[in-house]
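Asks:
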Amino acid sequence: MKNTKIFTPIFIITLVLSISILLANQPMASACTISLGKRIKFDMELSPKVPLFHPAKDGYFYPGSPKITKNLKVVNVGHLPFRIYMLNTTFYGDIYLSTGLQIEILELRKGRGEKPNLVYNGTLSNLAEGIEVDGKRAIPPKDSATLKITVWMPTTAGNEYQGLTLKADIAVTVRFPPSHDDGKC
Amino acid sequence: MMDKKVLASMLIIAVASMLIGAGTVAYFSDTETSKGNTFTVATGPDLKLSHSSAGPWTDGVTGTWTLADMKPGNETPTASVFFKNFGSASSTMTITCNYTVDEDTNPVESDTDAYTDEHPDEMAKYMVITYMWYKNDHLSLNCLTGHEGYSGLTKEDWRVSDTDGDGKITLYDLKEDPLVNLPSPDTQPDQYYTQLDMRIKFDENAGNDFQGDIFDLTMIFTLN
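Going line by line, the protein sequences match chains A and B. Under my numbering, the final residue of the first sequence carries the number 184; numbering is consecutive throughout. Under my numbering, the final residue of the second sequence carries the number 230; numbering is consecutive throughout.
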């Protein structure tokens with residue numbers, strides 16, 4: 000009887016906490032659309048949906064060739080604000096070329112005259128490992144952020160890159176809740 | 007007494023769960039991908055050489071300028087290297103040289119410097135370039151003066167200068183002052199090629215330091 004009195008509440012509390020912790024430790028939801036109840040969803044789209052970079056539009060790279068700049072829009076089509084959290088890239092084809100190309104990614108600000116936020120600057124190859132992005136702005140529903148992506152081949156690149164073709168899928172991950180946001184969207 | 011134990015247990019569990027909970031945050035995330043981005047690098051120029059305007063074209067030729075058993079005052083015949091670009095368009099050509107001296111193959115007692123191989127520049131200063139023309143159907147450039155006949159232009163880049171001020175243009179000078187920014191050879195179609203004609207003379211004033219020595223010259227052509 001005594002044991003029952005002691006262990007029943009402990010058991011109940013432990014059970015509740017275990018369930019809570021278990022739920023909290025579930026993998027992050029990562030479907031394109033996450034429905035929260037009947038009305039709320041968490042969803043993002045990239046624009047344009049066609050490839051940003053293509054030699055038919057941009058020409059070929061060569062050492063010191065002009066930099067190619069494209070804008071990638073991250074659009075909030077859900078009901079919750081988010082912040083850009085991670086960028087990574089999957090390569091195909093002549094993967095070695097990723098070591099010979101430089102890429103700069105800027106997150107453009109909304110306000111006029113505001114300096115863009117430098118997200119990444121380095122070799123394209125490093126993006127394969129994924130980089131965490133300290134997205135500066137929470138993007139509210141129906142709003143968007145623009146990533147200005149510039150790719151170039153430095154003048155120091157050597158003959159070993161001649162004739163290579165690299166394909167890249169650039170993945171953008173956003174996250175809710177937007178951290179260090181002060182609740183502003 | 008019993009209530010205290012229950013209370014204590016609940017407290018411990020609550021504190022433990024708070025600690026665990028503090029390190030556990032759940033996020034929603036969404037990932038979208040911009041697919042099919044393609045980056046292609048152009049192919050560069052691809053210079054090939056031949057001893058004949060008709061080819062065959064290879065990445066290198068040997069024995070263009072040879073002078074067996076040379077004595078001071080001897081000169082090679084005029085010999086030519088032909089160039090053709092099999093790659094994408096190029097802008098300029100650079101011509102320079104490197105050399106070594108072989109003391110071991112033919113040692114002679116009268117050689118007063120048995121270590122010329124350690125300072126080949128000394129022998130190169132006696133290898134005089136007496137004739138050097140870079141030319142094709144639209145180009146006739148005297149590399150000893152820097153003057154191009156068709157355009158009438160004269161450029162410092164296009165001539166080998168007397169870097170050591172000894173009054174001669176030698177292979178040492180070519181190494182120290184390469185010909186740069188030369189117009190690139192014509193690219194295909196097949197009938198176009200560019201050539202370098204050159205003669206080299208073993209200077210009359212070369213002394214006994216070079217007796218029995220073998221001078222091995224490498225001409226270096228770079229298409230930019």
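C-beta: ideal position from N, C-alpha, C; glycine also.
#1: From Gly158/B, Met138/B, Asp168/B, Met129/B, pick the residue whose C-alpha is nearest to that of aspartate 222/B; which is it?
#2: Hey, how far is the Cα of serine 64/A from the Cα of alanine 167/A?
#3: What residues in its chain sit with their C-beta under 7 Å from that of alanine 85/B, if we drop five residues either side in the sequence?
#4: Do you know how far the Cα of threonine 106/B is from the Cα of glutamate 124/B?
#5: Which residues in the same chain have their Cβ closer than 8 Å to the Cβ of glycine 218/B, if we skip the five residues on either side of it in sequence?
#6: Note down the Cα distance separating leucine 202/B from aspartate 170/B, rounded to an integer number of angstroms.
#7: Looking at the secondary structure, which residues open and close the alpha helix (DSSP H) in which proline 54/A lies?
#8: For glutamine 25/A, I'd like the list of residues in its chain whose CB is within less than 6 Å of its CB, leaving aside the five on either flank, ordered along the chain.
#9: Please report whether the beta-carbon of threonine 44/B lies at a distance below 8 Å from any beta-carbon of chain A.
#10: Using DSSP bridges, identify the partner residues of methionine 141/B.
#11: Could you tell me how far apart the beta carbons of valine 49/A and leucine 146/A are, in whole angstroms, since I believe they sit closer than 8 Å?
#12: Tell me whether the segment 130 to 138 of chain B and the segment 170 to 181 of chain B touch, counting them as touching only if at least three CB pairs, one residue from each stretch, are closer than 8 Å.
#13: Between aspartate 143/B and phenylalanine 89/B, what straight-line distance do the alpha-carbon atoms span, to the nearest angstrom?
#14: Between the Cα of tryptophan 164/B and those of Gly158/B, Gly173/B, Asn148/B, spot the shortest distance and give me the residue it belongs to.
#15: Measure the alpha-carbon distance for tyrosine 91/A versus lysine 141/A and round it to whole angstroms.
#16: Where leucine 229/B and threonine 100/B are concerned, what is the direct C-alpha to C-alpha distance, given to the nearest angstrom?
#17: Shorter than 8 Å from the beta carbon of aspartate 36/B to some beta carbon of chain A?
#18: I want to see whether chain B comes within less than 8 Å of glycine 63/A, judged by CB atoms only; does it?
#19: On the three-state DSSP scale, how would you describe tyrosine 95/A?
#20: Alpha carbon to alpha carbon, what distance is there between threonine 68/A and serine 40/B?
#21: Does any residue of chain A have a CB that is nearer than 8 Å to the CB of threonine 106/B?
#22: What residues are listed by DSSP as bridge partners for methionine 85/A?
#23: Note down, in chain order, every chain B residue with its Cβ under 9 Å from the Cβ of lysine 166/A.
#24: Just checking: is the beta-carbon of glycine 66/B within a distance shorter than 8 Å of some beta-carbon in chain A?
#25: Give a yes or no on whether the C-beta atoms belonging to glycine 93/B and aspartate 52/B are separated by under 8 Å.
#26: Taking only the alpha-carbon atoms, compute the straight-line gap between serine 167/B and glycine 79/B and give it to the nearest angstrom.
#27: Quick one: residues in its chain with C-beta nearer than 8 Å to the C-beta of proline 62/B, no 5 flanking neighbours on either side, listed in chain order?
#28: By the criterion of Cβ-Cβ separation under 8 Å, what are the contact partners of threonine 49/B in chain A?
#29: Mapping DSSP to helix, strand and coil, what is glutamate 154/B?
Replies: For this structure:
#1: Met129/B
#2: 19 Å
#3: Thr70, Trp71, Met204
#4: 9 Å
#5: The beta carbon of glycine 218/B sits closer than 8 Å to those of Glu109, Asn112, Pro113, Val114, Ser116, Asp117, all from its chain and outside the five residues before and after it, given in chain order.
#6: 24 Å
#7: 54 to 57
#8: Because the pLDDT at glutamine 25/A is just 46, under 50, the model does not fix this residue reliably, and the value given afterwards should be weighed accordingly. Once the five neighbours on either side are set aside, glutamine 25/A has no close Cβ partner at all.
#9: Output row for threonine 44/B: interface = yes.
#10: Looking at the sequence shown, residue 141/B is not methionine but lysine. Looking at the DSSP assignment, lysine 141/B forms a beta bridge with Ser146/B, Gln201/B.
#11: 16 Å between Cβ atoms; not a contact.
#12: yes
#13: The alpha-carbon separation between aspartate 143/B and phenylalanine 89/B amounts to approximately 13 Å.
#14: Asn148/B
#15: Distance between the alpha carbons of tyrosine 91/A and lysine 141/A: 33 Å.
#16: 6 Å
#17: yes
#18: no
#19: Collapsing the DSSP output to three states places tyrosine 95/A in a helix.
#20: 15 Å
#21: Judged by the 8 Å Cβ criterion, threonine 106/B is not in contact with chain A.
#22: Glu131/A, Thr172/A
#23: Lys41, Gly42, Asn43, Thr44, Phe45
#24: no
#25: It is a contact, given that the beta carbons lie within the stated cut-off.
#26: Looking at the two C-alpha atoms, the distance is approximately 22 Å.
#27: Ser56
#28: Gln161, Gly162
#29: strand
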